[in-house]
Structures are given as C-alpha cells and as structure tokens.
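Below is one structure, written out as structure tokens; the observations come after it.
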Amino acid sequence: MSEDHELPLNPPLVDEERGAASRRVKPKRGKAFWLLFLSLAVSLYQAAFELCAVAVALPSIANDLDAVDFVWAGAAYAIAASCSLPMTGSLAQTFGRRAATLTSLVIFAVGSVICGAAVNMNMLIAGRVVQGWGGGGILAMPHIILSDLVSLRERGTYNGILAVTWSVAIVSSSAIAGALSDAGQWRWIFYLNLLITAVAIVLVLKYLRMAVPQGNVIDKLKRLIRLAATIIIIGSTCCCCIALTWAGVRFAWDSAQVLGPLCVGIAGLITFVIYELRVPKMPLIPFHLLTNKTCVVGYLTTFLNGLITMASVYYFPVYLQACKGQSAAHAGGVGWLGFVVTVGPWGIIAGVSIAVLKRYVPTILFGWTCILIGMGLFTTLKVDTPASRVSGFEAIFALGIGTLYTTTFFPVLAPLPVSANAPALAFFNFLRAFAQVWGVTIGASVLQNQLLSKLPPDFVATLPKGIQVAYTAIPKIGQLEEPLRSEVREAFAESLRIVWIVILAIAAFGTACMVFMREIPMHNYTDDDWALVEGSEKAAPASRPQAVELRSAETIAKPGAESFRTD
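Take the sequence shown: its letters are residues 1 to 567, numbered as in full-length UniProt numbering.
See below:
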C-alpha cells in the first residue's frame, strides 16, 4: 500500500500552471447543464423513493403476502443493485452515459411492474431483483455524470443538492407509502414508479447529451461479459444472507444449516477477490485504484455509512410502529420528521463547507461524530420516550448521515486522476449498495434473535413457526389486550436497543479508521473527453495541463484512445 505522499498526483512544478489554467477557463453552467442536472435529480429521486417507500410499507406487504422471510424484500434489491453497479460503470465507459442511464431506467420500470403485480412473496422478491439491477445504475449514474461536468473541488455543493433530492424522496415516499399501506394499496407504491420513470426517460433523452465512444458494438459487448465474477459474488452474498437470516430463527447458530452456507459464502467472497485480482483483464472491481490509504479509507467509510443508513431506514420505522403504536402513514411522515428535514439540508451545508474550506477530513470526522452521538442516543430509546426527544435524536443522527452521504467521495477521488472517475465511482456506488445488503441482513439477524428471546411466550405461540417474526408481529400488536400489549412493545424496544448497540460499534470502527485519512488537494478541472454538449457544440470544461494527469492503459480503463461522437 502506497503512502499518500508517494502518489505524485499534484507535482509542485505544475501547481502554479494548473491554477492559472483554472482561472483562464471557467466551467460553463448554461441552460443545458441545469436541465441535465434536473434529469439527474429526477432519476435519483425515483431510486430513493423506492428504497424508502418499501421499508415503510414492508409490514403491510409481509402481512398481505404471508411473508416468511421478509428480509429478502430488501436484501434481494440490494444484492442485485450491488452486482449491477460495476457493470454500469463499464457500460457508461463503453456505450456512453446516456445509454447506461436509459438502460437502468427501463430495467427498473420492468421490475416495478413485476412487484406491483406480485401474488406471493417469491414473485415480489423476483421483481425486487429486477428493480435492484436497474436501481443500482440509477443511483450511480448521477454521480458519474456530475463528476464529468464539475471539478472535485466544487462538487460538494452540487452533490449537496442531490442530497436534498434524496431528502425530498424520503419525506414524500414515507408519507405516500404509509398512506397507501394503511389503505391496503401498497401495490401502487410500485406503479407510481412507472410515472416517475416516464418523466426521467423524457428528460434524459432530451437533455443528457454527452460524448459517446466510437467502436465496434461486438467488441464493446465483449468488455461487459463478466459472467463468472457476477455469479460468484451473487451466489456468495446470497449464501451469507441465508445463513444470517436463518441463524437462531429456523436453525441454531451452530447447526449445519447455518454454518454450511455461511462458510460457503465467505469462501466464495474470498474466491471472488482472488479471481478479480488474477484473471480478468477488465475486472468488475478496479482493485488497481486502491493504491492509496486515503482512497481505501474513503471507500471503507462509504461502505460503513451505507450499512448504518440502511439499518436505520429499515429498523427505525419498526420502533415507531411497534413501540410507539404509530400507523405506517404517521411513522413514515411525522414520526421520521427529525431525520428527513435534517439530512438533505445538512448535506448541502457539508458539501459547501468543503468547497469553501478546500478540506474534507474535518467535515467527514464531524459526520462520524454526529453518527456516534445519535446512535448512542438511540440506545436509550424506550416505549415511553417523548416524541420530541425522539425527533431530536433523529436530527442529530441525520447530521452525520447527511454529512457522510455528500462527502465520502472526496477522499476516494482526490488521489486519483479524473480519467478514473467512472470506474472509481462505480466501485464507490457498488460498496454503498453492497453495504445495504449487510445493513438489512445484520439488523434482521440481531432483531429476530432478540425478539425470540424477549417476546412473551404466549404471544410467540400465536405466530406461525419458523418465520421472521418482526414484521409479522407488528400488525397484531394493536389488537392485543393489556398487559400483553405493553410487554410486546417493551420486548421490541429492548431488541432494537441491541440492534443500535451493534450499529454503534460499527460506527466506532469507522470513526477509528479516520486516523489513516489524509488531506489531499482536490482537482479543479474535469475530463475533456466527457464534455456536455450545448446545442451542437461542446461546452468548454475547465482545462488543465495534460502533464498533471497520470494515464496508464494497463491500470485505468479510459476511452480516451477511442474516437468520440456526441449523442
């Protein structure tokens, strides 16, 4: 592992030249840029809407479809999104940004139709897999395209605006999903995606006009064929998820049914890493980019933040519905208000602070501190905790989540040349999506095992055997007589406290890793090869001296050697 100062990305001899070049040529922010930015925001809104809406509606969905393993409604989506992301980066590099974005939107729409028409949990999970395959690309492409058009040094502000889009999606999706769930119309959560998809496709077709690499279609398709690696990572992750969701619920932790798939899954993940390092010429995961400690810590922070965010998005509504007795609509709206009104605006503030200070380490450390404090406060939540205090805890936690959401790509990209943006950000979003698998699965495993040991035996006896009890039990709590109802709510509160303690420990580890992150000067230029087209001419991006960029055909897959055309 190279030391930060060993990577000569900012040679002193060209610092003055770069600064002069950036002052001579200002990035163009015309009508085409802002209309394109709107199309990115709508696409991101769609993916965020789906992610949060399903979390709120899951108790209703699980009850209606007689779900046995509710966790797969979230895990299947996250696994598919994770596996699609590296290929999305390759697709964007090979066929262009617009083709990758449109492909993701269409696949997502197909998955939404399957989910809305689901007659059983297996069909819903299949639809979630298809949705996830498209959703991963939808989440990745706005960040890749933004990196093409805005230099790293000024990108925090724009990424903060995308965070507001995410925040608006959380507010609207939670309220809409809650209302539809209470009315028994959860299917319309998925059907609404078709309308949003149509709007996004129209905007992308009209305004996403960027350079497209020329070349033979067959040769381009060959670059995308990475079947072996995809099969290995999908199979391995599924094995780990099966083991964790069965452990302590269907089978004992030390049983062959748990240890078998867990060992197979871990061995498969190790095999995947070895295969990616040694076999393919263009691996799914660009390990050649991991040559800098700051970059590695940035990726690790992204993974851990994704895990923590997904665990909170999925299991905090459980607290609101099971412990506080809130309806799905109330839990998704007023109950989650402290979080949703804080995470987006603070994301903008965090991004702007980096643009102004030109430093990312203090802001990221502040984010981790807020997560530690917020999650620590979550461990004190009880059934009778006042709603005002709950909202305050949510707001503190949201300060950290919003900060890290908009800032963790700075330490990832600062050590790398801008030509590596697409593969670096594809891996960045892969880790963010892959973390969601573990956020859902680890939270479910802890919650299920704690509930089985803490719920009153009389209540557990009324539930079907061998199922994951959390979402199955929630709709029944309000129908219970006292004192059993209070006992069940107390059991949920105590079980969730253990979930928060586990997540707190993970956050503490992430904070400790900050000692290895260094401050590296951020680029103030963009990659000319991926310029925005205004009308029939290319917008002039910020230029830079070619000498300051590291270019290597063996290490960074970049279509710079190919001819380009515009969409």
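Backbone N, C-alpha and C define an ideal beta-carbon position, used for all residues, glycine too.
Worksheet item: Taking DSSP as the reference, what is the three-state secondary structure of M210?
Response: strand
Discussion item. Please report the distance separating the alpha-carbon of T237 from that of N524.
Written reply: 38 Å
Practice prompt. Within the stretch 384-409, note down every full beta strand (DSSP E) run reaching 3 residues or more, in order along the chain.
Written response: none
Practice prompt. Determine, using beta-carbon pairs with one atom in the stretch 294-312 and one in the stretch 432-445, whether at least three such pairs fall under 8 Å.
Written response: yes
Discussion item. Between A311, P415, A252, which has its C-alpha nearest Y299's C-alpha?
Written reply: P415
Worksheet item: First and last residue of the alpha helix (DSSP H) that includes D64?
Response: 31-64
Fill in: Exposed unless 16 or more other CB atoms sit within 10 angstroms - verdict on L447
buried
Worksheet item: Between the C-alpha atoms of W346 and S391, what's the straight-line distance to the nearest angstrom?
Response: 16 Å
Item to complete: Can you tell me which of the three DSSP states residue 588 falls into?
Response: Since the first and last residues shown for the chain are 1 and 567, residue 588 lies out of range.
Worksheet item: Going by the CB atoms, is the gap between L180 and I189 shorter than 7 Å?
Response: yes
Discussion item. My output table needs one value for N120: the three-state DSSP class, helix, strand or coil.
Written reply: coil
Practice prompt. Determine contact between the stretch 444-460 and the stretch 86-104, defined as no fewer than three beta-carbon pairs at a distance below 8 Å.
Written response: no
Worksheet item: How about T441 and T407: are their beta carbons less than 7 Å apart?
Response: no
Worksheet entry | Cβ separation of A322 and R489, assumed to be a contact under 8 Å, to the nearest whole Å | 6 Å
Discussion item. For the pair the stretch 130-138 and the stretch 146-162, tell me if three or more CB-CB distances fall below 8 Å.
Written reply: no
Worksheet entry | Residue span of the alpha helix (DSSP H) that contains L269, given as start and end | 256-278
Worksheet item: Does the beta-carbon distance from V129 to A76 come in below 7 Å?
Response: yes
Discussion item. Can you give me the C-alpha to C-alpha distance between F37 and F339, rounded to a whole angstrom?
Written reply: 25 Å
Item to complete: State whether the stretch 366-373 contacts the stretch 254-273, with contact taken as three or more CB pairs (one from each stretch) at a distance under 8 Å.
Response: no
Worksheet item: Any idea if P142 is buried or exposed, counting beta-carbon neighbours within 10 angstroms, 16 or more meaning buried?
Response: buried
Item to complete: Rounded to whole angstroms, what's the CA-CA distance from V502 to A311? Just pull it up for me.
Response: 10 Å
Worksheet item: Within 10 angstroms of its Cβ, does V202 collect 16 or more other Cβ (buried), or is it exposed?
Response: exposed
Discussion item. Rounded to whole angstroms, what is the Cα-Cα separation between Y360 and C295?
Written reply: 13 Å
Worksheet item: By Cβ distance below 7 Å, which residues in the same chain neighbour G268 in space, the five residues on each side in sequence not counted?
Response: I232, G235, S236, C239
Discussion item. Please classify T403 as buried or exposed, where buried requires at least 16 other C-beta atoms within 10 Å of its C-beta.
Written reply: buried
Practice prompt. Report the rounded CA-to-CA distance for V113 versus W186, giving the unit in angstroms.
Written response: 13 Å
Worksheet item: Going straight from the alpha carbon of V412 to that of Q479, what length do you get?
Response: 50 Å
Worksheet item: For the alpha helix (DSSP H) that P362 lies in, which residues bound it at each end?
Response: 361-378
Discussion item. Report the CB separation of A243 from V42 in whole angstroms; it is logged as a contact under 8 Å.
Written reply: Incorrect: roughly 39 Å between the Cβ atoms, too far for contact.
Worksheet item: Looking at C-alpha atoms only, which residue of V119, F95, T88, M121 is the closest neighbour of I107?
Response: T88
Worksheet item: Just curious, the alpha helix (DSSP H) that E494 is in, first and last residue?
Response: 484-512
Worksheet item: Once you ignore the five residues that flank R389 on each side, which residues in its own chain have a CB closer than 8 Å to its CB?
Response: none
Worksheet item: What separation, rounded to the nearest whole angstrom, lies between the Cα atoms of S60 and F95?
Response: 41 Å
Discussion item. Please list the terminal residues of the continuous alpha helix (DSSP H) segment that includes S151.
Written reply: Neither: S151 is in no alpha helix (DSSP H) and is coded neither H nor E.
Item to complete: Tell me whether P423 sits in a helix, a strand or coil according to DSSP, three-state version.
Response: helix
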